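> In the working numbering, each residue's number is its place in the sequence shown (first place is 1) plus 20. C-beta: ideal position from N, C-alpha, C; glycine also. All values reported here derive from a predicted model rather than from experimental measurement.
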Amino acid sequence: RRWDEIAPLPEARSKFSSVQNKDTDIYIFGGNGPSSRRMESVTETTPSVFVYRTSIDAWEGLSSMSEMRTGAVSLRVNDKDSHYLVIGGRKGMRALRSCEMYDVEEDSWLPVSTSLLTPRFGAGGGWIRGSAYVVGGRSENARQRTMERWDCREKGFQWCPSLSVARCWGIHICAGDCLYAFGGSPINSLSGEVFDVRKGSWHSLPLLPSENSWGWGGSGTTSPFSTPLSFQCQQQQQQHQRGVVIMGMGGNNTQRQEEEEGETREEEE
């Protein structure tokens with residue numbers, strides 16, 4: 021097994037969210053890209069969307085989201101490839117509550133009437149048993165350990181049991197009826213816990229053998245990979261009968277703190 025280089029992104033960006041469909045195509049939503057002001061230290065949030073066609077090793081531009089957002093959660097609705105749900109994120113320095121849904125066949129965005137109970141970015145999530153779960157992340161003033169659930173047949177998000185500790189920019193993976201949460205900032209990034217939907221509760225997991233913070237988890241639910249600026253942070257996961265596999269490395273602690281606290285210069289100076 022080996023890593024192979026693929027076609028580069030049409031636009032440089034970080035902190036996007038992504039979804040992999042059953043054909044292994046990869047959709048990426050929003051994120052931060054280079055500033056139009058051509059200042060190296062400034063990035064801008066983008067609403068643009070691309071899909072990577074693995075069969076032909078090429079990227080294709082799609083209709084942009086209605087709102088610019090970075091650090092959002094993106095999910096396959098009902099684990100199908102016809103609609104993708106993008107939740108929360110950040111625009112400039114403002115955490116978002118809003119959601120929108122992408123219609124693959126029409127290449128268009130549909131409004132979603134419900135909003136998060138708490139605005140958040142850098143969160144994780146998954147689609148399990150007909151419901152969208154969003155957990156952790158950061159609001160404008162605090163890191164979050166809360167979790168929300170939305171069933172499309174219901175009017176809005178509802179509170180669910182919270183994480184034992186707040187986790188922002190952690191690794192989140194869905195496997196079966198469980199949502200796994202690993203690492204994150206500012207806690208010990210070796211820790212992990214799992215939410216069992218059937219039991220409706222969180223349970224602690226053994227510590228990771230090495231740090232994995234500022235990463236993204238996949239299985240077609242959240243980002244299967246990303247490269248946040250200078251962190252060069254990349255991880256993948258695979259589902260196996262005996263568990264999940266995570267590969268990656270954490271970022272520099274100082275820069276990690278600056279990013280979270282919003283001390284780096286963003287688009288809305």
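What are the start and end residues of the beta strand (DSSP E) that includes Asn-369?
Since the first residue of the chain shown is 21 and the last is 289, residue 369 is not available in this structure.
> Can you tell me where the beta strand (DSSP E) holding Asp-127 begins and where it ends?
Counting along the chain, Asp-127 falls outside any beta strand (DSSP E), and DSSP gives it neither H nor E.
> Let me confirm a value: His-192 is counted as buried when at least 16 other C-beta atoms fall within 10 Å, else exposed. Which label applies?
The residue is buried, with at least 16 neighbouring Cβ atoms inside 10 Å.
> Take Ala-201 and list the residues in its own chain whose beta-carbon comes closer than 7 Å to its own, dropping the five residues that flank it on each side.
Result list for Ala-201: Gly-144, Val-155, Gly-156, Leu-183, Arg-187, Gly-190, His-192, Gly-212 and Glu-213, in chain order.
> Take every Cβ of the region 24-40, pair it with every Cβ of the region 79-98, and state whether three or more of those distances are shorter than 8 Å.
The region 24-40 is in contact with the region 79-98.
> Exposed or buried, what is Asn-161 when buried is set at 16 or more other beta-carbons lying within 10 Å of its beta-carbon?
Asn-161 is exposed by the Cβ-count criterion.
> Taking 7 Å as the cut-off, decide whether the C-beta atoms of Ser-68 and Glu-120 are in contact.
No, the pair does not count as a contact, with Cβ atoms beyond the cut-off.
> Going by beta-carbon coordinates alone, are Phe-36 and Gly-51 separated by less than 7 Å?
Result yes, Cβ atoms of Phe-36 and Gly-51 sit closer than 7 Å.
> Out of Ser-38, Ser-135, Ser-75 and Lys-175, which one is the CA nearest neighbour of Ala-92?
The option with the nearest alpha carbon to Ala-92 is Ser-38.
> I'd like to confirm the pairing. Which residues does DSSP put opposite Trp-79 in its beta bridges?
According to DSSP, Trp-79 bridges with Tyr-72.
> Note down, in chain order, each residue of its chain lying with its Cβ closer than 6 Å to the Cβ of Gly-146, except the 5 sequence neighbours on either side.
Taken in chain order, the residues that qualify are Tyr-153, Cys-194, Leu-199 and Thr-241.
> Please go through the same chain and pick out, in chain order, the residues whose beta-carbon is closer than 6 Å to the beta-carbon of Val-97, but skip the five residues on each side of it.
Taken in chain order, the residues that qualify are His-103 and Leu-105.
> Keeping to the same chain, check which residues put their C-beta closer than 6 Å to that of Val-132; ignore five residues upstream and five downstream.
The residues are Cys-119, Glu-120 and Met-121.
> My output table needs one value for Asp-99: the three-state DSSP class, helix, strand or coil.
Three-state result, Asp-99: helix.
> When you compare only the Cα positions, how much space is there between Val-217 and Cys-180?
Rounded to whole angstroms, Val-217 to Cys-180 spans 10 Å at the Cα level.
> In the region 140-211, which residue ranges form an unbroken beta strand (DSSP E) of at least 3 residues, counting only runs that do not cross its ends?
144-148, 151-155, 167-171, 178-180, 191-195 and 198-202, all fully within the region 140-211.
> Excluding the 5 residues preceding and the 5 following Thr-134 in the sequence, name in chain order all residues of the same chain whose CB lies nearer than 8 Å to its CB.
Counting only Cβ-Cβ distances below 8 Å, and skipping sequence neighbours, we find Cys-119, Trp-170, Lys-175, Gly-176 and Phe-177.
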